[in-house]
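Number of protein chains: 2
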Amino acid sequence: MSELQSQSALYQLRRQVLSGELRGGTKLRASHLSADMGVSRTPISEALITLEGEGLLIRDKSGFTVRRFALEDVFDAIDLRGLLEGAAVRRAAERGVSDAAIADLNARLHALDAAIEQGDVAQYDQLNLGFHNQLIALSESDILIAEVQRSYRLPFAGPSAFPTQHTDAARFRASLIIGQEHHRQIVSAVTQRESARAFALMCEHARLAHQNVHVAVAARQDAPQLALVDRA
Amino acid sequence: MSELQSQSALYQLRRQVLSGELRGGTKLRASHLSADMGVSRTPISEALITLEGEGLLIRDKSGFTVRRFALEDVFDAIDLRGLLEGAAVRRAAERGVSDAAIADLNARLHALDAAIEQGDVAQYDQLNLGFHNQLIALSESDILIAEVQRSYRLPFAGPSAFPTQHTDAARFRASLIIGQEHHRQIVSAVTQRESARAFALMCEHARLAHQNVHVAVAARQDAPQLALVDRA
DNA sequence: TTTATCCGATATGCATGCAAAAGTGCGCGC
DNA sequence: GCGCGCACTTTTGCATGCATATCGGATAAA
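Protein sequence lines correspond, in order, to chains E and A. Under the working numbering, the first sequence is numbered contiguously, ending at residue 232. Under the working numbering, the second sequence is numbered contiguously, ending at residue 1232.
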């Protein structure tokens, strides 16, 4: 496990931005960060440049600033993810997928069912991510795959972002069940090469995240998951 | 015009990759490039990291390599652009745009007409880019705007990439006329808040670039515009 | 001839030095 | 009291030094 310092700094900073630990508008000073993290400014700079490319930081003259994300930006990021994932499954459906791939997807669906049944959220999240990745891979489009992965890095746009989970257990469980139904129908659509249906379902599937965010916002108990959102 | 060296290196390298001057698979050695361009390795490294983020380079252990783009990747990039621009105009149509914005778009349409009439390709390209940017901006979604801009950086995905122009003048002129008709209908759709129509039109509009690429490939005179495409 | 291995050459990752630019705070003038 | 300007401090962008990892080639063995 070679731990490059620039990578380590990148992960750490990305986490801090996405978690809201670093508030929008915060000026990031490479020199200060380097002292903080015990490495030199070079790897820090590299991490900052990468994060700028990911749209999490903004570079003004002389310095990086944490981007402010309004609630609307969060919704836009979620929709973007849905759009890109939708395009990927549409492509997969048009192209047609092998029986082996369909069997694999079905196996993943069963595993997800089990995780939901057992209420194992961590397990669900992991399986869910794997399911999405597998589905996207079936597009066999390197560019789409890369762009989807990139969209996952936007705030709350990753398929495993579930800010509801500590707010309303019943509602959270319901959203898992609904999401799983989406999963099933998406696999069905891809299997039957119904590309438009696959696309529409995937877009709608992402919209579940909208609901979760809305719930978290409504229960405005300073939900720590929403710390990154710029409250105007 | 303060020319930061890292910026200058970035532009230069990006151009070299997109133009195919640097072939896919080429190993980029920071030390060599720094000697070549007369700057130290630090700004070169920064440029390389940025280009990796743009998907033009791939970072393997110890070093950057120019990404290989197959023809299929070019088409995927074009479709991606259409998808994102389509999402933007759909949003614009749903949101509704001001009379002033519509007037502005119509003025741009007239300017484009004039450029086509006069056969001024450079002028057309510039106006076309401005038209697209203006249209996208009407989505008022920072995230969509950023992603569209990003997609422009992918090979041949920018709205001004016209590899046909030296191949078949009549066909090229026809594609401009057809594109302009798309433009008009897109403005119409946005004006009338017909979001689905705007989306579909924009997706199809991007497909014009497919045709141009196809033509360039068919006239396989080692079209220099296609040098970047990895010939298998 | 092919394959494995060692070793020198070279490039990379990171640290740090330096000049220039940006930011900060203070006092002065209005 | 408020805004402006000036000097000081900090930070950045870039260059470069150094240790380590990687690559390429030659040699030796099968």
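Glycine included, every Cβ here is placed at the ideal spot set by N, Cα and C.
May I ask which residues mark the beginning and end of the alpha helix (DSSP H) holding L127/E?
Working through the first sequence from its first residue, we reach residue 127/E at position 127. From DSSP, the alpha helix (DSSP H) with L127/E extends over 121-137.
By a C-beta neighbour count over all protein chains shown, 10 Å radius and 16 as the cutoff for buried, is Y1124/A buried or exposed?
Taking the second sequence and counting its residues from 1, the one referred to as residue 1124/A is at position 124. Counting Cβ neighbours within 10 Å, Y1124/A comes out buried, since at least 16 surround it.
Against chain A, with Cβ distances strictly below 8 Å, would A209/E count as a contact?
As a first step, residue 209/E must be located in the first sequence, where it is residue number 209. A209/E does not count as touching chain A.
Check T191/E in the structure and name its three-state DSSP category.
Locating residue 191/E in the first sequence gives position 191, where the first residue counts as 1. The answer is helix: DSSP assigns T191/E an H, G or I state.
Please determine if the stretch 85-93 of chain E and the stretch 133-142 of chain E are in contact, where contact requires at least 3 C-beta pairs separated by less than 8 Å.
Counting Cβ pairs under 8 Å, three or more are found: they touch.
Taking Cβ-Cβ distances below 7 Å as the criterion, which residues of the stretch 1064-1083 of chain A are in contact with chain E?
Taking 7 Å as the Cβ-Cβ cut-off against chain E, the residues of the stretch 1064-1083 of chain A that qualify are D1073, D1076, A1077, L1080, L1083.
Quick one: list the residues of chain A neighbouring L154/E, beta-carbon separation under 8 Å, in chain order.
Along the first sequence, one-based indexing puts residue 154/E at 154. The contacting residues are I1143.
Output, in sequence order along the chain, the residues in the stretch 1185-1204 of chain A whose CB is closer than 7 Å to any CB in chain E.
The residues in question: there are none.
Count the C-beta pairs between the stretch 63-79 of chain E and the stretch 198-210 of chain E that are closer than 8 Å, then say yes if the count reaches three, no if not.
Contact between the stretch 63-79 of chain E and the stretch 198-210 of chain E is present, because at least three Cβ pairs lie under 8 Å.
Quick one: does I1136/A have its CB under 8 Å from some CB of chain E?
For the purposes of this step, residue 1136/A is taken as residue 136 along the second sequence, with counting starting at 1. So no, I1136/A is outside the interface.
Using a Cβ cut-off of 9 Å, pull out every chain E residue sitting near A1206/A, in sequence order please.
Here residue 1206/A refers to the residue found at position 206 of the second sequence. Under the 9 Å cutoff, chain E gives no residues; its nearest Cβ is about 12 Å from A1206/A.
What are the boundary residues of the beta strand (DSSP E) that F75/E is part of?
The sequence position of residue 75/E within the first sequence is 75, counting from 1. Unbroken run through F75/E is the alpha helix (DSSP H), 71-95; no beta strand (DSSP E).
Using the rule of at least 16 other Cβ atoms within 10 Å of the residue's Cβ for burial, across every protein chain shown, is N128/E buried or exposed?
As a position in the first sequence, residue 128/E is number 128, starting the count at 1. Burial call: buried.
So if DSSP puts L1028/A in a beta bridge, which residue, or which two residues, is it bridged to?
In the second sequence, residue 1028/A corresponds to position 28, counting from 1. DSSP lists F1064/A as partners of L1028/A.
Is the Cβ-Cβ distance between I177/E and I116/E less than 8 Å?
Taking the first residue of the first sequence as 1, we reach residue 177/E at position 177. Taking the first residue of the first sequence as 1, we reach residue 116/E at position 116. A contact, by the Cβ cut-off of 8 Å.
Can you tell me where the alpha helix (DSSP H) with R1059/A in it begins and where it stops?
The residue given as residue 1059/A occupies position 59 in the second sequence. R1059/A -> not in any alpha helix (DSSP H); beta strand (DSSP E) instead, spanning 1057-1059.
Quick one: grab the DSSP three-state call for V39/E.
As a working note, residue 39/E is residue 39 in the first sequence. Three-state result, V39/E: coil.
Go ahead and label S994/A buried or exposed: buried means 16 or more other beta carbons lie within 10 angstroms of its beta carbon, across all protein chains shown.
For chain A, the structure presents residues 1001 to 1232; residue 994/A sits outside this window and is missing.
Could you work out which residues of chain A lie near A174/E, taking near to mean beta carbons separated by less than 7 Å?
As a working note, residue 174/E is residue 174 in the first sequence. The premise fails here: A174/E is roughly 28 Å from chain A at the closest Cβ pair, so nothing lies under 7 Å.
Using a Cβ-Cβ cut-off of 6 Å (strictly less than) and excluding sequence neighbours within five positions of L28/E, which residues of its own chain qualify?
The count along the first sequence starts at 1 and reaches residue 28/E at position 28. Answer for L28/E: F64, listed in chain order.
Which residue or residues does DSSP assign as beta-bridge partners of V1229/A?
In the second sequence, residue 1229/A corresponds to position 229, counting from 1. According to DSSP, V1229/A bridges with F1069/A.
Answer yes if the stretch 1037-1054 of chain A comes into contact with the stretch 1001-1018 of chain A, meaning at least three C-beta pairs across the two stretches below 8 Å, and no otherwise.
The stretch 1001-1018 of chain A vs the stretch 1037-1054 of chain A: in contact.
I'd like to confirm something about H183/E: is its beta-carbon nearer than 7 Å to some heavy atom of the ligand SAM, or not?
Inclusion of the ligand SAM in the displayed structure is not the case, the ligand content being empty and no account of it being possible.
Given a cut-off of 8 Å on the beta-carbon distance, is the pair D104/E and Q134/E in contact?
Here residue 104/E is taken as the residue at index 104 of the first sequence, counted from 1. Here residue 134/E is taken as the residue at index 134 of the first sequence, counted from 1. It is a contact, given that the beta carbons lie within the stated cut-off.
What does A146/E touch in chain A if you count any residue whose Cβ is under 9 Å from its own?
Here residue 146/E refers to the residue found at position 146 when the first sequence is read from its first residue. Those are G1055, listed as they occur along chain A.
Do L1057/A and V1066/A come within 8 Å of each other at the CB atom, strictly closer than that value?
Here residue 1066/A refers to the residue found at position 66 when the second sequence is read from its first residue. Here residue 1057/A refers to the residue found at position 57 when the second sequence is read from its first residue. Yes, they are a contact pair.
Tell me the DSSP secondary structure of S1034/A in three-state form.
Mapped onto the second sequence, residue 1034/A falls at position 34. S1034/A falls in the helix class under three-state DSSP.
Please report whether the beta-carbon of D1049/A lies at a distance below 8 Å from any beta-carbon of chain E.
Taking the first residue of the second sequence as position 1, residue 1049/A is located at position 49. This sequence places Ile at residue 1049/A; Asp is not what is there. With 8 Å as the cut-off, I1049/A counts as an interface residue toward chain E.
Following the continuous alpha helix (DSSP H) through S1141/A, name the residue where it begins and the one where it ends.
By one-based count along the second sequence, residue 1141/A stands at place 141. No alpha helix (DSSP H) contains S1141/A, which DSSP labels as neither H nor E.
Considering Cα atoms alone, identify which of R59/E, V39/E, A157/E is closest to G25/E.
Numbered from 1 along the first sequence, position 25 holds the residue referred to as residue 25/E. Of R59/E, V39/E, A157/E, the residue nearest in Cα terms is R59/E.
Whole angstroms is fine: what's the gap from A157/E's alpha carbon to V213/E's?
As a working note, residue 157/E is residue 157 in the first sequence. As a working note, residue 213/E is residue 213 in the first sequence. So the alpha carbons of these two residues sit roughly 11 Å apart.
Mind reading off the beta-carbon distance from E85/E to I44/E? Whole number of angstroms is fine, and I expect it under 8 Å.
Counting from 1 along the first sequence, the entry for residue 85/E is found at position 85. Counting from 1 along the first sequence, the entry for residue 44/E is found at position 44. Actually they are not in contact, since the Cβ atoms of E85/E and I44/E sit about 33 Å apart, beyond 8 Å.
What are the residues in the stretch 83-94 of chain E lying within 7 Å of chain A by C-beta distance?
Cβ contacts with chain A come from L83, A87.
Please identify the residue among Q1005/A, L1033/A, P1155/A whose C-alpha is closest to the C-alpha of A1227/A.
Locating residue 1227/A in the second sequence gives position 227, where the first residue counts as 1. Answer by Cα proximity: P1155/A.
How far does the alpha helix (DSSP H) with S98/E in it extend, from its first residue to its last?
As a first step, residue 98/E must be located in the first sequence, where it is residue number 98. Counting along the chain, S98/E falls outside any alpha helix (DSSP H), and DSSP gives it neither H nor E.
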